[in-house]
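Take the sequence shown: its letters are residues 33 to 187, numbered as in the working numbering.
Ideal placement from N, C-alpha and C gives every residue a C-beta, glycine not left out.
Working notes, structure below.
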Amino acid sequence: MGVQDSDDRLLIGQNSTFGSGPAIWIDSGKRTQIRYHEINSYSNTSTLFSTDCGQTLYTSTDATTKTLPITTNSGCIITFINAGAAGTVDLTIDTNASDSIFGSCGAVALIVNDGHRMRNPKVTSVKGDSVTLESNGGDGWFITSCTGVWEDVGS
(Lines of atoms letter the chains of each structure in order from A; the text may use other names.)
(Lines give C-alpha, C1' and ligand atoms only; values in the text may rest on other atoms or scores of the structure.)
Protein backbone atom coordinates (compact mmCIF):
# COMPACT_ATOMS: atom_id res chain seq x y z
CA MET A 33 0.00 0.00 0.00
CA GLY A 34 1.37 3.41 -0.85
CA VAL A 35 0.59 7.04 -1.55
CA GLN A 36 2.03 9.08 -4.40
CA ASP A 37 1.48 12.83 -4.86
CA SER A 38 2.87 14.04 -8.18
CA ASP A 39 1.95 15.28 -11.65
CA ASP A 40 -1.13 17.08 -10.28
CA ARG A 41 -2.72 13.88 -9.07
CA LEU A 42 -2.90 11.84 -5.90
CA LEU A 43 -2.76 8.05 -6.09
CA ILE A 44 -3.62 5.82 -3.16
CA GLY A 45 -3.43 2.05 -3.31
CA GLN A 46 -1.39 -1.04 -3.86
CA ASN A 47 1.83 -0.18 -5.74
CA SER A 48 0.53 3.42 -5.97
CA THR A 49 1.78 3.69 -9.55
CA PHE A 50 -1.19 4.29 -11.83
CA GLY A 51 -2.04 1.17 -13.77
CA SER A 52 -0.22 -1.27 -11.51
CA GLY A 53 -3.00 -2.18 -9.13
CA PRO A 54 -6.09 -0.93 -7.34
CA ALA A 55 -5.94 2.80 -6.77
CA ILE A 56 -7.99 5.79 -5.82
CA TRP A 57 -7.03 8.54 -8.22
CA ILE A 58 -7.74 12.23 -7.61
CA ASP A 59 -6.70 14.57 -10.43
CA SER A 60 -6.11 18.34 -10.45
CA GLY A 61 -9.76 18.89 -11.41
CA LYS A 62 -10.75 17.17 -8.14
CA ARG A 63 -12.34 14.27 -10.00
CA THR A 64 -12.07 11.02 -8.09
CA GLN A 65 -11.95 7.62 -9.73
CA ILE A 66 -11.37 4.19 -8.34
CA ARG A 67 -9.37 2.27 -10.90
CA TYR A 68 -8.01 -1.18 -11.34
CA HIS A 69 -5.98 -1.56 -14.50
CA GLU A 70 -5.56 -5.06 -15.78
CA ILE A 71 -4.15 -6.25 -19.10
CA ASN A 72 -5.56 -9.42 -20.65
CA SER A 73 -5.30 -11.32 -23.90
CA TYR A 74 -8.47 -12.95 -25.16
CA SER A 75 -9.51 -15.19 -28.00
CA ASN A 76 -13.14 -15.87 -27.23
CA THR A 77 -16.35 -14.03 -27.93
CA SER A 78 -17.94 -12.97 -24.65
CA THR A 79 -19.84 -10.36 -22.68
CA LEU A 80 -17.95 -7.96 -20.44
CA PHE A 81 -19.21 -6.89 -17.00
CA SER A 82 -18.65 -3.87 -14.76
CA THR A 83 -15.86 -5.85 -13.11
CA ASP A 84 -14.00 -5.62 -16.43
CA CYS A 85 -13.79 -1.81 -16.19
CA GLY A 86 -10.20 -0.59 -16.34
CA GLN A 87 -8.97 -3.48 -18.49
CA THR A 88 -6.89 -3.37 -21.61
CA LEU A 89 -7.90 -6.29 -23.80
CA TYR A 90 -5.60 -7.59 -26.55
CA THR A 91 -6.71 -10.03 -29.25
CA SER A 92 -4.92 -11.73 -32.11
CA THR A 93 -7.78 -14.13 -32.94
CA ASP A 94 -9.92 -13.41 -36.00
CA ALA A 95 -13.71 -12.94 -35.75
CA THR A 96 -13.72 -12.08 -32.03
CA THR A 97 -16.61 -10.07 -30.55
CA LYS A 98 -16.74 -8.48 -27.11
CA THR A 99 -20.05 -7.13 -25.80
CA LEU A 100 -19.73 -4.06 -23.60
CA PRO A 101 -21.32 -4.00 -20.15
CA ILE A 102 -24.47 -1.92 -19.61
CA THR A 103 -23.42 1.70 -19.01
CA THR A 104 -24.57 2.06 -15.43
CA ASN A 105 -21.04 2.77 -14.16
CA SER A 106 -19.90 6.29 -14.97
CA GLY A 107 -16.18 6.36 -15.66
CA CYS A 108 -15.89 2.72 -16.72
CA ILE A 109 -12.97 2.62 -19.18
CA ILE A 110 -12.09 -0.32 -21.42
CA THR A 111 -9.38 -0.41 -24.09
CA PHE A 112 -9.36 -2.86 -26.99
CA ILE A 113 -6.17 -3.54 -28.96
CA ASN A 114 -5.89 -5.56 -32.15
CA ALA A 115 -2.69 -7.55 -31.62
CA GLY A 116 -2.89 -9.57 -34.84
CA ALA A 117 -0.69 -9.17 -37.88
CA ALA A 118 -1.90 -6.67 -40.48
CA GLY A 119 -4.99 -7.86 -42.35
CA THR A 120 -5.59 -10.97 -40.21
CA VAL A 121 -7.95 -10.00 -37.35
CA ASP A 122 -11.52 -8.72 -37.51
CA LEU A 123 -12.28 -7.27 -34.06
CA THR A 124 -15.88 -6.37 -33.17
CA ILE A 125 -17.23 -4.52 -30.14
CA ASP A 126 -20.94 -4.98 -29.50
CA THR A 127 -23.10 -2.64 -27.43
CA ASN A 128 -25.95 -3.44 -25.12
CA ALA A 129 -29.33 -2.96 -26.82
CA SER A 130 -29.85 0.36 -25.01
CA ASP A 131 -26.33 1.83 -25.40
CA SER A 132 -24.58 3.72 -28.19
CA ILE A 133 -20.96 4.63 -28.93
CA PHE A 134 -20.17 8.28 -29.69
CA GLY A 135 -17.03 10.00 -30.97
CA SER A 136 -14.59 9.87 -33.81
CA CYS A 137 -11.62 7.91 -34.99
CA GLY A 138 -9.26 10.28 -36.75
CA ALA A 139 -11.30 12.39 -39.18
CA VAL A 140 -14.15 9.88 -39.25
CA ALA A 141 -17.13 10.68 -37.00
CA LEU A 142 -18.55 7.48 -35.60
CA ILE A 143 -21.97 7.14 -34.03
CA VAL A 144 -22.76 3.51 -33.26
CA ASN A 145 -26.48 3.49 -32.48
CA ASP A 146 -28.22 1.53 -29.72
CA GLY A 147 -27.55 -2.16 -30.07
CA HIS A 148 -25.13 -1.74 -32.98
CA ARG A 149 -21.57 -3.00 -33.29
CA MET A 150 -18.25 -1.23 -33.86
CA ARG A 151 -15.67 -3.10 -35.93
CA ASN A 152 -11.99 -2.89 -36.82
CA PRO A 153 -12.30 -4.74 -40.15
CA LYS A 154 -9.73 -7.35 -41.05
CA VAL A 155 -9.10 -5.88 -44.52
CA THR A 156 -7.77 -2.58 -43.06
CA SER A 157 -6.53 -3.80 -39.68
CA VAL A 158 -2.98 -3.14 -38.57
CA LYS A 159 -1.31 -4.60 -35.49
CA GLY A 160 -1.85 -2.03 -32.74
CA ASP A 161 -5.19 -0.62 -33.93
CA SER A 162 -7.02 0.33 -30.76
CA VAL A 163 -9.98 2.08 -29.22
CA THR A 164 -10.56 3.26 -25.66
CA LEU A 165 -14.16 3.68 -24.56
CA GLU A 166 -15.51 5.40 -21.45
CA SER A 167 -19.04 5.15 -20.09
CA ASN A 168 -20.89 8.21 -18.82
CA GLY A 169 -23.30 6.05 -16.84
CA GLY A 170 -26.36 6.71 -18.98
CA ASP A 171 -26.15 7.57 -22.68
CA GLY A 172 -23.58 4.99 -23.63
CA TRP A 173 -19.89 4.87 -24.46
CA PHE A 174 -17.60 7.64 -25.64
CA ILE A 175 -14.45 7.18 -27.71
CA THR A 176 -11.58 8.78 -25.78
CA SER A 177 -8.83 7.53 -28.08
CA CYS A 178 -8.70 5.60 -31.31
CA THR A 179 -6.21 4.39 -33.92
CA GLY A 180 -6.88 2.55 -37.14
CA VAL A 181 -10.08 2.16 -39.14
CA TRP A 182 -13.29 1.46 -37.21
CA GLU A 183 -16.85 1.33 -38.54
CA ASP A 184 -20.48 0.93 -37.47
CA VAL A 185 -21.66 -2.43 -38.78
CA GLY A 186 -25.24 -2.31 -37.50
CA SER A 187 -26.86 -4.87 -35.27
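The region 109-123 makes contact with the region 150-157: 3 or more CB pairs, one atom from each, lie closer than 8 Å. For Lys98, the enclosing beta strand (DSSP E) starts and ends at 96-99. Under the three-state reduction of DSSP, Ser132 is assigned to strand. In this structure, Gly135 keeps its C-beta atom at 8 Å or more from the C-beta atom of Ile109. With fewer than 16 other CB atoms across the displayed protein chains lying within 10 angstroms of its CB, Phe81 is exposed.
Sequence-distant Cβ neighbours of Asp161 in its own chain, meaning closer than 7 Å and more than five residues away, are Asn114, Asn152, Thr179, Gly180.
For Asn105, no beta strand (DSSP E) segment is defined, and its DSSP state is neither H nor E.
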